[in-house]
């Protein structure tokens, strides 16, 4: 994949009146190849969300779900330190499947 990226990057051409903006994102910035880093000279580090932002993310993720009125959003946000937005989504999906998995285990016993 690195070679394809480098080949595509080196082949970029524009007219003087046109501009291209290349935006890349990674969860593993320290694993980037040096040649890739040289071609992307400006880097902006986006840290993991804090508890307040995790709370907002969880509320968006779960906004369409039927939850108890006293659902512990704050407790969940505080218990998920170090989680990214993607991690929070995966956690919610796994939690939604858990009752089904428990039922299947119960029926097979």
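In our numbering, the protein residues as written are 3 to 111.
Backbone N, C-alpha and C fix where the C-beta goes; we use that ideal spot for every residue, glycine too.
These numbers were taken from a predicted model, which means no experiment stands behind them.
Can you grab the Cα-Cα spacing for the pair residue i / residue j, in whole Å?
i: residue 33; j: residue 56; result: 26 Å
i: residue 65; j: residue 10; result: 40 Å
i: residue 86; j: residue 99; result: 20 Å
i: residue 67; j: residue 84; result: 24 Å
i: residue 103; j: residue 69; result: 19 Å
i: residue 101; j: residue 95; result: 11 Å
i: residue 54; j: residue 62; result: 13 Å
i: residue 81; j: residue 14; result: 45 Å
i: residue 97; j: residue 52; result: 21 Å
i: residue 105; j: residue 71; result: 25 Å
Considering only residues of the same chain and omitting the five flanking positions on each side of residue i, which have a CB-CB separation below 7 Å?
i: residue 107; result: none
i: residue 60; result: 75, 78, 79 and 90
Residue i and residue j look like a contact to me (Cβ under 8 Å); what is the Cβ gap, rounded to whole Å?
i: residue 7; j: residue 38; result: 7 Å
Note down, in chain order, each residue of its chain lying with its Cβ closer than 8 Å to the Cβ of residue i, except the 5 sequence neighbours on either side.
i: residue 121; result: Given that the chain is displayed from residue 3 to residue 111, the structure contains no residue 121 and the question cannot be resolved.
i: residue 50; result: 84, 85 and 86
Leaving aside the five residues before and after residue i along the sequence, list all residues of the same chain whose C-beta is less than 6 Å from its C-beta, in chain order.
i: residue 4; result: 35
Within 8 Å of any Cβ in chain D, is that where the Cβ of residue i sits?
i: residue 55; result: In summary, chain D is missing from the structure at hand, where a single protein chain is found.
**Message:** Does the structure place the segment 14 to 25 close enough to the segment 44 to 58 that three or more beta carbon pairs sit under 8 Å?
**Reply:** no
**Prompt:** Counting only runs that start and end within the segment 62 to 91, where is the beta strand (DSSP E) found for 3 or more residues in a row?
**Reply:** none
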